[in-house]
Amino acid sequence: MNVVREYLGRNVRQYGIVAALLVIVLLFQVLTEGRLLYPDNIASLIQQNAYVMILAIGMVMVIVAGHIDLSVGSVAAFVGGLAAIMLVDWELPWFATVLVALLVGALVGAWQGFWIAYVGIPAFIVTLAGMLIFRGLAIVLVGTTVAGLPAEFNAIAGGYLPPLLGFAGQADGLTLVIGLVGIAGLAWSQWRARRALIKHQLTAEPPVIFVAKLVVIALLIGVVTYWLSLSARGTPIVLLIVGALILVFSFVLNRTVFGRHVYAVGGNRHAAILSGVNAQRTDFAIFVNMGLLAAVAGIITTSRAGAGVAAAGTNFELDAIAACFIGGTAVAGGVGRISGAMIGALIMGVLNMGLSILAVDPAWQQVIKGLVLLLAVALDIVSKRRGRLT
Amino acid sequence: MNESKAEDRPEDFVLQMLGITKEFPGVKALQDVTLEVRRGEVHAICGENGAGKSTLMKVLSGVYPHGSYEGEILVEGAPARFGGIKDSEAEGIVIIHQELALIPYLSIAENIFLGNERASGGVLDWGTTRSEAARLLAEVGLAEKPETTPSDLGVGKQQLVEIAKALSKRVNVLILDEPTAALNDEDSAHLLDLIRNLRERGITCIIISHKLNEITAIADRVTVIRDGRTIETLDLHGEGITEDRIIRGMVGRPLDSRFPDHESTLGEEVLRIEDWTVHHPVDTERKVVDGATITVRAGEIVGLAGLMGAGRTELAMSVFGHSYGTRISGRLYKGGTEIHARNVSQAIAHGLAYATEDRKKFGLNLIQTVRENISTSALGKLASWWGVIRSEEEAGVAEKYRQDFRIKAPTVESVVGKLSGGNQQKVVLSKWVFSDPDVLILDEPTRGIDVGAKYEIYGIINALADAGKAVIVISSELPELIGLCDRIYAMSQGRITGEVPRERATQEELMRYMTMEKTR
Ligand SMILES: Nc1ncnc2c1ncn2[C@@H]1O[C@H](COP(=O)(O)OP(=O)(O)OP(=O)(O)O)[C@@H](O)[C@H]1O
Ligand SMILES: [Mg+2]
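If you're matching them up, the sequences are chains A and B in order. End of the first sequence sits at 390 in this note's numbering; the numbers just go up one at a time, nothing left out. End of the second sequence sits at 1520 in this note's numbering; the numbers just go up one at a time, nothing left out.
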């Protein structure tokens, strides 16, 4: 058991954050007398927080590379508003609208990326400007709201997968299958990674921990799946979108040359450049990507609201940035993982949901969220300091 | 041993470290180490890279506070428990770390009094700050204005600023961790004189260095550490205590010669740098490199000698994808055809590689792993055409270099920032050797590397040459250039002032060219 303790001690951070999520979930489960984890609430937890998770995926990369993006909320409102106008005023079909909206998002990212990467203006300033510019443009475009969006478009955020596989008792078959595939896939990839570590004689986690970790994760996914399958309507479409984005971008960040360059540039820009990394192009790509993801968030927010709203997306950037930092992304860059940011986003989401169920005053909700952010990062720093001295 | 005094009495020791053991997760850096330093002596610490020298000094200076290690520290015979640097400084123990720690954009005066400000009621007293700084700078023999910023100074002068900073405190025991590693012979000699002066003034010095000639020249006693254990303490005034004797203690066996035997087989000319001129990036009128012409043939090892500021690094970096300087002119031929390398990726694509002299700033990503650092400059080789890295192959490559270059890291997944200085240097080398260039420019490749490992690195360089690569070595250690190179260029004030073949290469000859003044 000693090995286990030592290993846990060395990886406080990773397990600490998961434990924090569990504690918060349990706390609210008790406080709300079990209402937090009502099947229908789980579905809406995902739908309500999809935007944080999507933005946090891009934001992790931005912060790891040593930048920040304050404009994502405004960009989401701008792109969302534009989408609403395309649908309502120009009567474009929904898929064309989505494509154009994504393209516009990428262009917005390219615009900001240009100033940051090629002119050399700090991202803080460029995106602060972008925050104003795109909020302004959103208001110019939309006025206050553009309502009356087609049902297909609204289904992106509000829709569910149809019960294609029928029901097992009360439970939606398709949801169960998706959950099982998810668990199997995760177990398989973890096992493969572990095997590779062992093959190269690198220290893998002790078997006890490995199995325990898998079991816990599988149980979590299993429980969520089961509850979802019992919910009124099965798997939200958004869950698939978010899931796919997480998979794709985790792969990009961990396994591709581009991902490695993001870490290299964030860790030591000079050294990266002298190793032949094109830091400018890397920065540019990161912001194009962030613009694209902001567009996805904008589409989903607009779709969920059923209308283009000029004031949509206010404070989205703060939620995304907070999710990254809670999830262990380093303020100075160079360190951070998508999985961590996703857990950070879930913590924020559970807080949002639990506090609303408890009907806590929104003003106090902000206070509490602020304190949680502070506490999470403080824990991080303290645990690191201890790690250094032992 | 040849102890001059019959028996040490406890009161002779200004400082004793007894039975020090220090563990990091997975690494036992120090095991039961004992170090006893007499009052007023210069005490050297020798040992291979990763032996634990820096760690021992960090324990002593409170960087690793009491409780994070086992064992006892006695200052003037009384137990000391330092909770941090402030505590050790209060006892007059001041450390200058291996990696310099000046704030680049504060003036030297401010740097000297950083954390120790000359102020009244929290308001800086600029008059005293400046005048005292000027006095301290004079004391260490640095002719710079107190307003200058370290970013405008070379490493040699920065080192002197560090010493001035140490002297601004009440110092009894001054610890210098590889102070001359980054210095050329002239600056080193100056520094050693300074240390002798301090000894006259009654300041005890502990010095860590891989340059054994300096140690035999300056130290009174030397403690040898190997694999985290004290091996022995030798009295350098005793008989028969030579460099070779120290090496035997460090490595555990005698080392027959400092340079492996090597005969180069020369091939065609691989690289020709012609009429290369580079201007300073800020002061764009100033020529940093002035019409330099250099050729290297396949299988040849060519040296670049020069004093600090001669323009060797600037020449190399500007050739390597214009990484330094502005208004660069001149021509670059690779295998006879002219090439243009305007950025680093083009340079790498043309088969050039440049291993930097400043590993911390330009060479490594300290928060990434050994594996990731080794693969950065040639990730393409480990990735599919659409950019997915083959992780297993990458790990395999990194592991191969860890073993070949004997990088002392528990695994290739260790974070580079936690390796000892010399082992970090080996990671830099691995990275460029892995990129498999045709021309490899090594800027101070053995800086901070122990004698045994130096021998290994010379072996690696020779093997690279035998594999038909053209190697350019920039070094401030003339014996190294003479022992290693087939041909040596000397630079002075941005110009190539001489070219000396191996047969004629002597330190005097090289020095003559290196100090040649501009005549035009
Ligand atoms: N913070 C740390 N965390 C983990 N391991 C460390 C840390 N600092 C040092 N080590 C390890 O302790 C050992 C001793 O390192 P140390 O820096 O004292 O070596 P050194 O003798 O100064 O070597 P060099 O001559 O290369 O500077 C090395 O194996 C190193 O990797
Ligand atoms: Mg050291």
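Where a beta carbon is used, it is the ideal one built from N, C-alpha and C, also for glycine. Only a predicted model underlies this, so the values are computations on that prediction, with no experimental measurement involved.
(request) Use the C-beta contact count for Q170 of chain A: other C-beta atoms within 10 angstroms, 16 or more gives buried, fewer gives exposed. (result) If you draw a 10 Å sphere on the C-beta of Q170 of chain A, you find fewer than 16 other C-beta atoms in it, and that means exposed.
(request) Note down the Cα distance separating I1195 of chain B from C1205 of chain B, rounded to an integer number of angstroms. (result) If I take the Cα positions, the gap works out to 8 Å.
(request) Look up Q365 of chain A in the DSSP assignment and say whether it is helix, strand or coil. (result) Assigned with DSSP and collapsed to three states, Q365 of chain A falls in helix.
(message) Looking at the secondary structure, which residues open and close the alpha helix (DSSP H) in which G124 of chain A lies?
(response) In the sequence as displayed, the identity of residue 124 of chain A is Phe instead of Gly. In this chain, the alpha helix (DSSP H) harbouring F124 of chain A covers A123 to V142.
(request) With distances taken Cα to Cα, identify the nearest neighbour of L1114 of chain B among B:E1508, B:A1133 and B:Q1098. (result) Residue B:A1133 is the option with its Cα nearest to L1114 of chain B.
(message) I want to know whether the region 244–259 of chain A touches the region 1342–1350 of chain B - three or more CB-CB distances under 8 Å.
(response) No, because fewer than three Cβ pairs between the region 244–259 of chain A and the region 1342–1350 of chain B fall closer than 8 Å, the two stretches do not touch.
(message) At the 8 Å Cβ level, is R392 of chain A part of the contact set with chain B, yes or no?
(response) Any answer about residue 392 of chain A is impossible in this case: the structure gives chain A only from 1 up to 390.
(request) Just the C-alpha distance for T1515 of chain B and N1184 of chain B, rounded to the nearest angstrom, thanks. (result) The alpha-carbon atoms of T1515 of chain B and N1184 of chain B are separated by roughly 13 Å.
(message) Based on DSSP bridge pairs, tell me the residues matched to L1030 of chain B.
(response) Beta bridge pairing from DSSP links L1030 of chain B with B:K1022.
(message) DSSP three-state label for E1274 of chain B, please.
(response) In the structure shown, E1274 of chain B sits in a strand (DSSP, three-state: E or B).
(request) Indicate whether at least one CB of chain A lies closer than 8 Å to the CB of Q1425 of chain B. (result) With a threshold of 8 Å between beta carbons, Q1425 of chain B makes no contact with chain A.
(message) Can you tell me whether P1501 of chain B is helix, strand or coil according to DSSP?
(response) Taken through DSSP and simplified to helix, strand or coil, P1501 of chain B comes out as strand.
(message) If I follow the unbroken beta strand (DSSP E) through A312 of chain A, where does it start and stop?
(response) Boundaries cannot be given for A312 of chain A, as no beta strand (DSSP E) includes it and DSSP labels it neither H nor E.
(request) Measure the alpha-carbon distance for L1442 of chain B versus R1312 of chain B and round it to whole angstroms. (result) Rounded to whole angstroms, L1442 of chain B to R1312 of chain B spans 11 Å at the Cα level.
(message) Is any non-hydrogen atom of ligand 1 found closer than 7 Å to the C-beta of A1051 of chain B, if you look at the structure I gave you?
(response) The closest heavy atom of ligand 1 lies less than 7 Å from the beta carbon of A1051 of chain B.
(request) Could you name the residues of the region 269–280 of chain A whose beta carbon sits closer than 8 Å to any beta carbon of chain B, in the order they occur along the chain? (result) Listed in chain order, the positions of the region 269–280 of chain A with a beta carbon within less than 8 Å of a beta carbon of chain B are H270, A271, A272, I273, L274, S275, G276, V277 and N278.
(message) Taking the straight line between their C-alpha atoms, what separation do you get for T1180 of chain B and T1284 of chain B?
(response) Here the alpha carbon of T1180 of chain B sits roughly 31 Å from the alpha carbon of T1284 of chain B.
(message) At the 8 Å Cβ level, is M1 of chain A part of the contact set with chain B, yes or no?
(response) The predicted model places M1 of chain A with a pLDDT of 49, which falls under 50 and marks its position as unreliable; any figure quoted below should be read in that light. It does not; no Cβ of chain B falls within 8 Å.
(request) Use the C-beta contact count for K1590 of chain B: other C-beta atoms within 10 angstroms, 16 or more gives buried, fewer gives exposed. (result) Residue 1590 of chain B lies beyond the range of chain B shown here (1001 to 1520); nothing can be said about it.
(message) Tell me the DSSP secondary structure of P1104 of chain B in three-state form.
(response) Coil.
(request) Identify each residue in the region 321–337 of chain A for which the Cβ-Cβ distance to at least one residue of chain B is less than 7 Å, and report them in chain order. (result) Going along the region 321–337 of chain A in chain order, one finds G334 and V335 with a Cβ nearer than 7 Å to chain B.
(message) Going by C-alpha to C-alpha distance, which of B:E1413, B:K1408, B:M1491 and B:G1363 sits closest to L1419 of chain B?
(response) Of B:E1413, B:K1408, B:M1491 and B:G1363, the residue nearest in Cα terms is B:K1408.
(message) Considering only DSSP beta bridges, list what V1123 of chain B is partnered with.
(response) B:S1120, per the DSSP bridge assignment.
(message) Can you tell me where the beta strand (DSSP E) holding I147 of chain A begins and where it ends?
(response) Checking the displayed sequence, the identity of residue 147 of chain A turns out to be Ala instead of Ile. T145 to A147 is the span of the beta strand (DSSP E), which, as asked, contains A147 of chain A.
(message) Against chain A, with Cβ distances strictly below 8 Å, would S1345 of chain B count as a contact?
(response) Chain A has a Cβ within less than 8 Å of the Cβ of S1345 of chain B.
(message) Could you tell me the alpha carbon to alpha carbon distance between G259 of chain A and G336 of chain A, rounded to whole angstroms?
(response) For the pair G259 of chain A and G336 of chain A, the Cα-to-Cα distance works out to about 12 Å.
(request) Return no unless some Cβ of chain B is closer than 8 Å to the Cβ of G234 of chain A. (result) Not one chain B Cβ lies under 8 Å of G234 of chain A.
(request) For the region 1065–1095 of chain B, enumerate the residues whose C-beta is nearer than 8 Å to any C-beta of chain A, in chain order. (result) If the cut-off is 8 Å between Cβ atoms, the region 1065–1095 of chain B has P1065 and S1068 near chain A.
(message) What ranges does the alpha helix (DSSP H) occupy inside the region 156–203 of chain A, keeping only unbroken runs of at least 4 residues that lie completely in it?
(response) If only uninterrupted alpha helix (DSSP H) runs of at least 4 residues are considered, those enclosed by the region 156–203 of chain A are 173–199.
(message) Using a Cβ-Cβ distance cut-off of 8 Å, determine whether K1408 of chain B contacts chain A.
(response) Taking Cβ atoms only, chain A never reaches closer than 8 Å to K1408 of chain B, which makes this a no.
(message) Does S1004 of chain B come out as helix, strand or coil in the three-state DSSP assignment?
(response) Caution is warranted here: a pLDDT of 44 is assigned to S1004 of chain B, below 50, making its placement in the model unreliable, and no coordinate value can be reported.
(message) Any beta carbon of chain A sitting closer than 8 Å to that of G1459 of chain B?
(response) Not one chain A Cβ lies under 8 Å of G1459 of chain B.
(message) DSSP three-state label for E1070 of chain B, please.
(response) Strand at E1070 of chain B.
(request) Would you check if the distance between the CB atom of T1216 of chain B and the CB atom of T1223 of chain B is smaller than 8 Å? (result) Inclusion of T1216 of chain B and T1223 of chain B in the CB contact set at 8 Å is not warranted, their separation being larger than that value.
(request) Taking F1405 of chain B as the query, report the chain A residues whose CB atoms sit under 8 Å from its CB, ordered along the chain. (result) Going along chain A, no residue has its Cβ under 8 Å from F1405 of chain B, so there is no contact; the nearest lies around 17 Å.
(request) State the DSSP-derived secondary structure class of A218 of chain A, mapped to helix, strand or coil. (result) DSSP, reduced to helix, strand and coil, places A218 of chain A within a helical segment of the structure shown.
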